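Counting from 241, one number per residue, gives the positions in the sequence shown under the numbering used here.
Even for Gly, the Cβ is constructed at its ideal location relative to N, Cα and C.
Fair warning: this is a prediction, and the values are worked out from it, not measured in the lab.
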Amino acid sequence: MAITFQQRHVSPRVPALMRAVAVALVIGALGGCSLFGGNKPRYVPAPLTTFTPNLTVNAVWSVSAGNKSGVGFVPVAVGNSVYAATENGTVGKYDLTTGATQWRGSAKQTLSAGVGSDGKITAVATPRGEVIAFDDNGQIKWTAQATSEVTVPPLVAEGMVVVRSGDYRVQAFDAETGRRRWSVQRPGPALALRAPGEMLLSNGFVFSGLPGGKVIAISTANGAMRWEGTVSNPTGTSELERVSDVVGAPVISGRLLCAVTYQGRISCFDVSSGNTTWSREFSSVNGMSADVRFAYSANDKSVVYGFALDGGANVWKQDALQHRSLTAPVSLGRAIALGDYQGYVHFLGREDGRLLARIATDGSAIVSRPLATTRGLIVQTSKGNLALLGVGE
């Protein structure tokens, strides 16, 4: 995976050239990471292995959702519809069963994150921090201004649109009017990983991971902080060594909330109190998932691990997909699924991590996590295509 970083909000009074030089210095320090097409990657992706499939997977439908999508773009399913957005400003609602377009709208500008929806309001965000809400006919209902760039998909629930901006501020807007309801800002490092990130809403609280290895619980009623937990503490002497950001979405299973960081740890907390239940050294660039028994994550070398949710013991490890830039996993039936840099979706056994199935999509990278639905697995590719994969028992 091409690991890239972003600076925290920089004052517009700082000359553009100085900002560019600062970013270039960061990029130059990465050395072995392939950030541009002309650079040779330090690691060679593992070739596709031969195995006997033990799970039936088939392509049900595929549709173009727009043009180009990457970090910050994750589809959402509500009822029998799926919502998706792409960087060119296209926002759409599609029938989950057939892929038929139910409506399609345009933000009329470049987007940096999407999509969030509750089936009534669908929200996206721009690099300038604009939050754009569509009604359920695909028409723009309102726009609002966040405090800085938004690269995390908005969260739409409980009559609110919640966004997390690049200055580490979580803000809630009224879903009907766009009026700001509350805003919470936490301190954070000057340098952050530009990686997939999402928020989670459960039982009246918004849970969000942050750069610096923190996860927070915020009341949806008034923005009050319920608790703040430490997934991992930054270590090292340089800013690069000290990058330890929560990646992907926090996940809840029963009484546990779990999260994972880059160059840090995978940790689980009591969802009510924020007390740490268990923690293990780990490094991921895309996030994790969990079901009733296990927590799953691919590390920064795309080695996939399964951990016992009760206690955190490492149950299995699968290294056949090393350096294939795997997405965060998602649990579906008896398998977990992960996308890769060539558009393949890999299915591993939940219990033992063995390879069960593999299917190709359009050949472009899958960056955002797959989405488990009642009809199968939804994936969104870097080309902007949306596909439903049927998954057998």
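If you draw a straight line from the alpha carbon of residue i to that of residue j, how long is it in whole angstroms?
i, j, result
"residue 462", "residue 302", "41 Å"
"residue 514", "residue 537", "21 Å"
"residue 324", "residue 567", "18 Å"
"residue 572", "residue 562", "22 Å"
"residue 387", "residue 414", "16 Å"
"residue 410", "residue 465", "11 Å"
"residue 626", "residue 619", "6 Å"
"residue 475", "residue 490", "22 Å"
"residue 542", "residue 564", "6 Å"
"residue 390", "residue 358", "19 Å"
"residue 355", "residue 317", "10 Å"
"residue 635", "residue 575", "Nothing in the structure corresponds to residue 635, since the chain is present only between 241 and 633."
"residue 447", "residue 455", "7 Å"
"residue 425", "residue 445", "16 Å"
"residue 503", "residue 431", "14 Å"
"residue 313", "residue 436", "8 Å"
"residue 482", "residue 524", "15 Å"
"residue 470", "residue 453", "6 Å"
"residue 616", "residue 398", "26 Å"
"residue 295", "residue 439", "31 Å"
"residue 556", "residue 506", "15 Å"
"residue 288", "residue 600", "11 Å"
"residue 611", "residue 480", "31 Å"
"residue 478", "residue 484", "12 Å"
"residue 522", "residue 467", "23 Å"
"residue 405", "residue 286", "36 Å"
"residue 472", "residue 516", "11 Å"
"residue 249", "residue 392", "Low local confidence applies: a pLDDT of 49 at residue 249 is under 50, so the model's placement there is unreliable, with the coordinate-based value given in what follows. Rounded to the nearest angstrom, the two C-alpha atoms are 15 Å apart."
"residue 319", "residue 417", "24 Å"
"residue 427", "residue 498", "21 Å"
"residue 422", "residue 592", "44 Å"
"residue 518", "residue 308", "39 Å"
So, are the CB atoms of residue i and residue j less than 9 Å apart?
i, j, result
"residue 214", "residue 283", "Any property of residue 214 remains undetermined from this structure, which presents the chain solely from 241 to 633."
"residue 533", "residue 569", "no"
"residue 560", "residue 546", "no"
"residue 500", "residue 457", "no"
"residue 554", "residue 594", "no"
"residue 433", "residue 402", "no"
"residue 583", "residue 621", "yes"
Is residue i buried or exposed, if buried means 16 or more other CB atoms sit within 10 Å of its CB?
i, result
"residue 395", "buried"
"residue 632", "exposed"
"residue 261", "For residue 261, the pLDDT reaches just 32, beneath the cut-off of 50, and the residue's location in the model is therefore unreliable, leaving the point undetermined."
"residue 336", "buried"
"residue 451", "buried"
"residue 291", "exposed"
"residue 495", "exposed"
"residue 558", "buried"
"residue 429", "buried"
"residue 368", "exposed"
"residue 578", "buried"
"residue 345", "buried"
"residue 408", "buried"
Find the nearest neighbour of residue i within the set the options, judged by alpha-carbon distance.
i, options, result
"residue 623", "603, 528, 498", "603"
"residue 486", "466, 528, 459", "528"
"residue 373", "633, 506, 329, 430", "329"
"residue 400", "382, 494, 315, 408", "382"
"residue 315", "293, 286, 289, 362", "362"
"residue 585", "630, 615, 509, 368", "630"
"residue 420", "313, 384, 548, 459", "384"
"residue 376", "331, 477, 408, 392", "331"
"residue 347", "379, 478, 422", "379"
"residue 412", "443, 392, 460", "460"
"residue 321", "360, 392, 518, 293", "360"
"residue 628", "285, 338, 286", "338"
"residue 443", "293, 592, 493", "493"
Rounded C-beta distance between residue i and residue j? I'm assuming under 8 Å.
i, j, result
"residue 597", "residue 300", "Residue 597 to residue 300, Cβ: 15 Å. No contact."
"residue 353", "residue 340", "Rounded, the Cβ-Cβ distance is 26 Å, inconsistent with contact."
"residue 350", "residue 370", "Contact flag wrong, Cβ pair sits at about 10 Å."
"residue 310", "residue 607", "5 Å"
"residue 552", "residue 508", "7 Å"
"residue 605", "residue 581", "5 Å"
"residue 590", "residue 550", "Contact doesn't hold; Cβ gap of about 15 Å is too wide."
"residue 488", "residue 539", "That pair is no contact at about 13 Å."
Residue i: beta carbon under 8 Å from a heavy atom of the ligand GDP?
i, result
"residue 624", "Looking at this structure, you won't find the ligand GDP or any other ligand, since it has none at all."
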